[in-house]
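Novice: Quick note, the sequence shown lines up with residues 1 to 247 if you use full-length UniProt numbering.
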Amino acid sequence: MDKLLYIAASGAKQDLLATGVRANNLANAQTTGFKAQLEQARAMPAYGEGLPTRVFSMTESPSNNYEGGAMVQTGRELDVAIQGNGWFAMQGADGKEALSRDGSFQLGPDGVLTDMHGNIAMGDNGPIYLPVPLDNLNIASDGTISVRPVGAPETVSQEVGRLKLVNPDLNSIQRGADGLFHTKDGAVLNADPQVQVRSGMVEGSNVNAVDEMVDMISLQRHYEMQVKMMKKADELSTRGNMLLRIL
């Protein structure tokens, strides 16, 4: 009975973990630039003293869905969306370079350009600081930021910085606990001039809410089946003990 109980119990535990991944995706269905997490379960042999006669289930998140989300037009000067492949280089809370697809930038009182979570946008020469107050701000397709100097004619614009746009191998990056992506080896990436952006737009989440709901329902049904198997294992064990008492 222990084989049946062990397999069912480990399966139920992994179903709960997988449900957590799906629930996190659903919670971020409206988060700008969010990339859905993928999850899978596989059988793993349990090694220990004696022969490996037991197996257990293991849920893991081997990768993420890197497909682009829907483009949402906002008309806001500081909203930027990457066209196709590529990432914005950001400075995480730990001071290290990180990657994001969230281009809904905002300007701090000191002129620093950040995302909605306070992470600083990186430029070719470090964090981007813009002169304040701003007038007639424009972000070109290559990430170049230009503004009209205070008191200058309408036709005059001055370049004040450029967003650092990178395009790493997707196998070399991973999601961090801060919601940003990081290179696995901690390397600082070089800017890629091929990455293009569009201003006045943001990239929506690539989470498919319907698919996530269907997967959650399937996981819940699977969890219920595992619980029934555990109850059956307990019932069989009880009846076996009754037979031994009779003998």
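All C-beta atoms in this analysis are idealised placements derived from N, C-alpha and C, irrespective of residue type, glycine included.
All figures in this text were calculated on a predicted structure; none of them were measured in a lab.
#1: Based on the DSSP secondary-structure assignment, which residues constitute the bridge partners of methionine 90?
#2: Helix, strand or coil for tyrosine 6, going by three-state DSSP, please let me know.
#3: Is DSSP giving glutamate 235 helix, strand or coil here?
#4: Can you tell me where the beta strand (DSSP E) with valine 80 in it begins and where it stops?
#5: Are alanine 29 and valine 214 close, meaning C-beta to C-beta below 7 Å?
#6: Which stretch, first to last residue, makes up the beta strand (DSSP E) that contains phenylalanine 181?
#7: So who's on the other strand from glycine 126, going by DSSP bridges?
#8: Taking the beta strand (DSSP E) that glutamate 203 belongs to, which residues open and close that run?
#9: Do the CB positions of glycine 123 and glycine 161 come within less than 7 Å of each other?
#10: Quick one, which of Gly204, Gly118 and Leu243 has its alpha-carbon nearest alanine 70's?
#11: Quick check on valine 150: does DSSP put it in helix, strand or coil?
#12: What residue range is occupied by the uninterrupted beta strand (DSSP E) comprising glutamine 40?
#13: Can you name, in chain order, every residue of its own chain whose Cβ lies under 7 Å from the Cβ of methionine 58, other than the five neighbours on each side?
#14: Within a Cβ cutoff of 6 Å, which residues of the same chain sit near serine 199, ignoring the five residues on either side of it in sequence?
#15: Looking at the secondary structure, which residues open and close the beta strand (DSSP E) in which methionine 71 lies?
#16: Hey, could you find the ends of the beta strand (DSSP E) glycine 161 is sitting in?
#17: Determine the direct distance from the alpha carbon of aspartate 115 to that of residue 249, and round the result to whole angstroms.
#18: Could you give the first and the last residue of the continuous beta strand (DSSP E) run that contains arginine 76?
#19: The beta strand (DSSP E) with valine 174 in it runs from where to where?
#20: Can the beta-carbon of glutamine 196 be found less than 7 Å from the beta-carbon of glutamine 83?
#21: Are there 16 or more other CB atoms within 10 angstroms of the CB of valine 202, so buried, or fewer, so exposed?
#22: Would you be able to state if there are at least three C-beta pairs under 8 Å between the region 117-137 and the region 159-173?
#23: Taking the alpha carbon of leucine 219 as the reference point, which residue from Leu17, Leu4 and Lys184 has its own alpha carbon closest?
#24: Between leucine 137 and the rest of its own chain, which residues show a CB-CB distance below 6 Å, the 5 nearest in sequence each way excluded?
Specialist: Looking at the coordinates:
#1: Translated into the one-based positions of the sequence shown, residue 90 becomes position 90. Partner(s): Ala98 and Ala121.
#2: The residue given as residue 6 occupies position 6 in the sequence shown. It is helical.
#3: Within the sequence shown, the letter at position 235 stands for residue 235. Looking at glutamate 235 - three-state DSSP - the assignment turns out to be helix.
#4: In the sequence shown, the residue the question calls residue 80 occupies position 80. Residues 80-83.
#5: Translated into positions along the sequence shown, residue 29 becomes position 29. Translated into positions along the sequence shown, residue 214 becomes position 214. No, these two residues do not count as a Cβ contact at 7 Å.
#6: Sequence index remark: in the sequence shown, residue 181 carries index 181 (1-based). That run of the beta strand (DSSP E) goes 181-183.
#7: Residue numbering aside, residue 126 sits at position 126 when the sequence shown is read from its first letter. In the DSSP output, where bridge partners are listed per residue, glycine 126 has Gly123.
#8: The count along the sequence shown starts at 1 and reaches residue 203 at position 203. Unbroken beta strand (DSSP E) run through glutamate 203: 201-203.
#9: Against the sequence shown, residue 123 aligns to sequence position 123. Against the sequence shown, residue 161 aligns to sequence position 161. Taking 7 Å as the Cβ cut-off, glycine 123 and glycine 161 qualify as a contacting pair.
#10: Counting from one through the sequence shown, the residue named residue 70 turns up at place 70. Alanine 70 has its Cα closest to that of Gly204, out of Gly204, Gly118 and Leu243.
#11: By one-based count along the sequence shown, residue 150 stands at place 150. If DSSP states are grouped into helix, strand and coil, valine 150 belongs with coil.
#12: Residue numbering aside, residue 40 sits at position 40 when the sequence shown is read from its first letter. Taken as a continuous stretch (DSSP letters only), the beta strand (DSSP E) holding glutamine 40 covers 40-46.
#13: On the sequence shown, position 58 is the one that residue 58 refers to. If we look at methionine 58 and ignore the five residues flanking it on each side, its Cβ neighbours are Gln14, Ala41, Arg42 and Met44.
#14: On the sequence shown, residue 199 is found 199 positions in, with the first residue counted as 1. Around serine 199: Val80 and Ile139.
#15: Counted from its first residue, the sequence shown places residue 71 at position 71. That run of the beta strand (DSSP E) goes 71-73.
#16: Here the question's residue 161 lines up with position 161 in the sequence shown. Start and end: 158-162.
#17: Outside the displayed span of the chain (1 to 247) sits residue 249, for which this structure offers no information.
#18: Here residue 76 refers to the residue found at position 76 of the sequence shown. Counting along the chain, arginine 76 falls outside any beta strand (DSSP E), and DSSP gives it neither H nor E.
#19: Here residue 174 is taken as the residue at index 174 of the sequence shown, counted from 1. The sequence shown places glutamine at residue 174, rather than the valine named in the question. Note, glutamine 174: beta strand (DSSP E), 173-175.
#20: The residue you call residue 196 lines up with position 196 of the sequence shown. The residue you call residue 83 lines up with position 83 of the sequence shown. Result yes, Cβ atoms of glutamine 196 and glutamine 83 sit closer than 7 Å.
#21: Numbered from 1 along the sequence shown, position 202 holds the residue referred to as residue 202. By the 10 Å Cβ count, valine 202 comes out buried.
#22: yes
#23: For the purposes of this step, residue 219 is taken as the residue at position 219 of the sequence shown. Checking every option, the nearest Cα to that of leucine 219 belongs to Leu17.
#24: Sequence index remark: in the sequence shown, residue 137 carries index 137 (1-based). Glu77 and Val147.
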